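Read the structure below first, then the notes.
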Amino acid sequence: MKLEEQYDVIIVGGGHAGCEAAHAAATLGSKVLLVTQNLETLARMSCNPAMGGVAKGQIIREIDALGGMSAIVTDASAIQFRMLNKSKGPAMWSPRAQCDKKVFEKQWRKTLEENKNIDFWQDTVDNITTEKGNITGIITKMGVEISGKSVVLCSGTFLNGLIHLGKKNYKGGRAGEPSAEGITKQLIKLGFTRGRMKTGTPPRLDGRTIDYSVTEEQKGDEKTVNFSYITKEKIKDQRSCFITYTSPEVHAILKEGFEDSPMFSGRIKGSGPRYCPSIEDKIERFSTKDRHQLFIEPEGRDTIEIYLNGFSTSLPEDVQLKALRKIKGLEKVKMFRAGYAIEYDYFPPTQLKHTLETKLVNNLFFCGQINGTTGYEEAAAQGLMAGINAHQNAYEKKEFILSRSDAYIGVLIDDLITKGTEEPYRMFTSRAEYRLLLRQDNADIRLTKKGYKLGLANEERLLQLQKKEKETGNLIKFLEKQSIDPNEINSILKKKKSSILKQKVKIKTILSRPHITINDLFVCKELKDYLDKETPSSEAIEQAEIEIKYGGYLNKEKESVAKLSRLENIKIAEDFKFDKLHSISTEGREKLKAIQPKTIGQATRISGVSPSDINVLLIYLGR
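Residue numbers (this note's numbering): 470 to 1092.
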């Protein structure tokens, strides 16, 4: 059977990447088909019930600023909000929300179903169809052939997925769901290189059998902000998480199961995430540590199901339960299901362009775990960018790319396609060289105009941004011009162990001092009168404070961006023959041939390409 309907963009997979890709392409005007094994599991939170965190929260805010939906859906399903690293500088502040998993899924489905440009098809995709190096569509397991100008593969952990639990293993893309087996073979036939990776998940627990009184309560922030720049309603009735710890006794029990562990026995061949190791991996690698922190996280408002963050494992079920019952607060715990590991196919992302289109097949895009990444946020970001560019290709429009100085999303994609990854990649603030510029509070300033110009961010977002920018600018001007009297501020300065004033100075000068916040300056009558009269938003006030307090550092970083952007502006032709570079190292030549960098800036970031190799390349380019 062949569907009569022809699509601009076909999305394969309904996880976080697939949902963002479908929404982006459809909102821009493409006729989109979203194909998934089960429409009941759209945007399923397969692992922890949370969005955001260090660097990940920045990504979600960037998605929102561009016009994506992950932040809005998170706000609609949040049961707890925390701004992480608030004690550090603003570059490190990272929003995180605990979510109700079922509400999250429901909200995403509602969002997609309300978009008239999206059709749905429930089936497994077994094949993609190509003609002369161009994608033409897909064929499903049921034999349905569907034509499309672009295809976006967001297959998650389903490609040849193999679930491991103790000595047992069986095919599956996720607990209770079948794997997808046809696409890998075909992609290899087309010339793609494949690898294997692994990830895991902890056991799910019965909350009624946990003694919370002996654990540490972790409440949400009293003063919350929303993930989305346009969400108006703040989170209410927050749910607490709780902290407990393993012990030497727990470790001893877990070690009893090591001989049956698929990880230590060699049955798992794929690379696992170094920064999010299984509990058995933690015990093995950090053998000197007596205990490891565990987070008891609710899976929703109206469920007793608990996610035990930090206890990812593939040990036998009986070992898991025995160890759990030696943990403080879990002495009588019951499991809903055991933790397990899953091994799956991925395709090294060095085979992609910056648009996430493959180099080998035109109009075929990869995003999410198929690229060797992990995390809902990383997947959603890639889905958004792939969806945008799949639409741009279908309508022969200019590609949309974010640079490393534009966004964490730009860092993520550039890292993937330039450096590749040998273990599941996740974003950290340390991966971004311009992290002071790439803050969570200014994602709208950085990206909303780009999203609006593209057609993804609506006018409401643009008007709100313009209002924020105006309020921020006016407040900064006021703080630069208005003086403060020593009698108004000296008592506070003394208390904060900051040198007192002998004469009036501009408010900006005081605000630039360490440990002095804008709240401390409300004792100034003129400032208070200004705020009462002009009523700038809390976001604008925060923005003004950051701009003043960190102005010197921000300017230095902007200068650094300007210098390095010169290298990014030196283009390398797509058909450039790196073989003719005889004067560079053999490793450098091979790496350049494999990656095919588009700019000198990208070439400098390739592992194995030396500064002298770059100099030779510049000479060949006439620079």
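Glycine included, every Cβ here is placed at the ideal spot set by N, Cα and C.
All values derive from a computational prediction rather than experimental measurement.
Assigned secondary structure, residue i (DSSP; H/G/I helix, E/B strand, else coil)
i       : result
Cys488  : helix
Ser899  : helix
Gln1122 : This structure leaves residue 1122 out entirely; the chain is present only between 470 and 1092.
Pro564  : strand
Ser1034 : helix
His720  : helix
Val992  : helix
Thr668  : strand
Pro518  : coil
Arg673  : strand
Val974  : strand
Phe869  : coil
Arg663  : coil
Phe711  : strand
Tyr921  : helix
Exposure label - residue i; buried when at least 16 CB within 10 Å
i       : result
Gly612  : exposed
Phe755  : exposed
Phe425  : The first residue shown for the chain is 470 and the last is 1092, placing residue 425 beyond what the model contains.
Leu891  : According to the sequence as given, residue 891 is Glu; it is not Leu. Classification of Glu891: exposed, given that the 10 Å Cβ count is below 16.
Gly841  : buried
Thr986  : exposed
Thr662  : exposed
Gln762  : exposed
His984  : exposed
Pro1080 : exposed
Val683  : exposed
Gly1070 : buried
Asn911  : buried
Gln1097 : As displayed, the chain neither begins before 470 nor continues past 1092, which places residue 1097 out of reach and without an answer.
Arg904  : buried
Tyr815  : buried
Opposing strand residues paired with residue i [DSSP bridges]
i      : result
Asn831 : Asn603
Gln951 : Gln951 pairs with nothing; no bridge assigned.
Asn629 : DSSP output for Asn629 lists no bridge partner at all.
Gly617 : Tyr476
Gln591 : Thr505
Pro767 : Ile775
Val481 : Val504, Leu622
Met804 : Leu674
Leu553 : Ser563
Ile597 : Ile607
Option in the options with minimal Cα separation from residue i
i       : options                           : result
Ala1013 : Asn1084, Asn943, Asn1024          : Asn943
Arg643  : Ala810, Glu826, Leu472, Glu691    : Ala810
Ser716  : Asn1024, Glu749, Ser874           : Glu749
Met552  : Ala524, His860, Ile752, Phe869    : Ala524
Leu1050 : Asp1082, Gln972, Gly1021          : Asp1082
Ala534  : Lys1027, Gln935, Glu957           : Gln935
Glu753  : Ile765, Glu766, Gly726            : Gly726
Phe589  : Glu574, Ser515, Leu825, Ile480    : Ile480
Lys922  : Lys866, Arg1035, Tyr894, Thr941   : Lys866
Pro746  : Lys692, Lys667, Ile1064           : Lys667
Arg930  : Gly537, Glu473, Glu1037           : Gly537
Asn554  : Ile548, Ile615, Pro564            : Pro564
Phe428  : Ile773, Thr772, Glu774, Gln789    : With the chain represented from 470 up to 1092, any question about residue 428 goes unanswered, as that position is not in the structure.
Val1030 : Ser872, Asp998, Ala912, Leu1000   : Ser872
Val478  : Leu503, Lys471, Gly484            : Leu503
Leu825  : Glu1037, Ala926, Gly856, Lys801   : Gly856
Leu1023 : Ser874, Ser1052, Thr1055, Lys1002 : Ser874
Pro559  : Ala926, Thr898, Thr626            : Thr898
Distance, residue j Cα to residue i Cα
i       : j       : result
Ile679  : Lys579  : 34 angstroms
Leu581  : Gly487  : 11 angstroms
Ala545  : Leu1087 : 51 angstroms
His823  : Asp883  : 7 angstroms
Thr843  : Gly798  : 30 angstroms
Gln972  : Phe947  : 19 angstroms
Gly808  : Lys975  : 59 angstroms
Gly1021 : Glu1028 : 11 angstroms
Glu949  : Ile699  : 30 angstroms
His860  : Lys570  : 30 angstroms
Lys758  : Phe764  : 18 angstroms
Ala495  : Cys568  : 26 angstroms
Ile1015 : Ser556  : 14 angstroms
Gly924  : Leu497  : 6 angstroms
Ala1009 : His720  : 49 angstroms
Glu600  : Gly852  : 25 angstroms
Lys1062 : Asn1084 : 17 angstroms
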